[in-house]
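> Sharing a structure below in structure tokens format, with a few things to ask.
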Amino acid sequence: MTKSLKISGKKHSFKKNKKGEVIVDHAGKNDAKWDKINLTKKAGAKTVAQGVKAAKDWHKKNPHKKGK
């Protein structure tokens, strides 16, 4: 299952890899480079829904900065 949504104005794509780990793929500091973060290791997420919640909670405390 893949779920895509915007958090703090940036597109985030959530999915499970072959090992069953929840991965988020999102735009980095410049929108050209995308970063992958393992939310199973970082936040203990076992489902895509838990990964989405973890990303939303993290971005509430650490919003994307606008401009340079």
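First residue of the sequence shown: 782, per the numbering used here; consecutive thereafter.
For each residue, glycine too, the CB sits at the ideal point set by N, CA and C.
All of these numbers come straight from a predicted model, not from anything done at the bench.
Quick one: what's got a C-beta closer than 7 Å to Lys-835's C-beta in the same chain, skipping five residues either side?
Checking the sequence, you will find Ala at residue 835 rather than Lys. If we look at Ala-835 and ignore the five residues flanking it on each side, its Cβ neighbours are Leu-820, Ala-824, Ala-826.
> Distance, Cα to Cα, Asn-798 vs Ile-804?
Looking at the two C-alpha atoms, the distance is approximately 7 Å.
> Just verifying my parser: in three-state terms, what is the DSSP assignment at Lys-797?
Reduced to three states, the DSSP call for Lys-797 is strand.
> Give me the DSSP bridge partner(s) of Val-803.
Lys-797.
> For Glu-802 and Lys-822, what's the separation of their Cα atoms in angstroms?
Between Glu-802 and Lys-822, the C-alpha separation is close to 8 Å.
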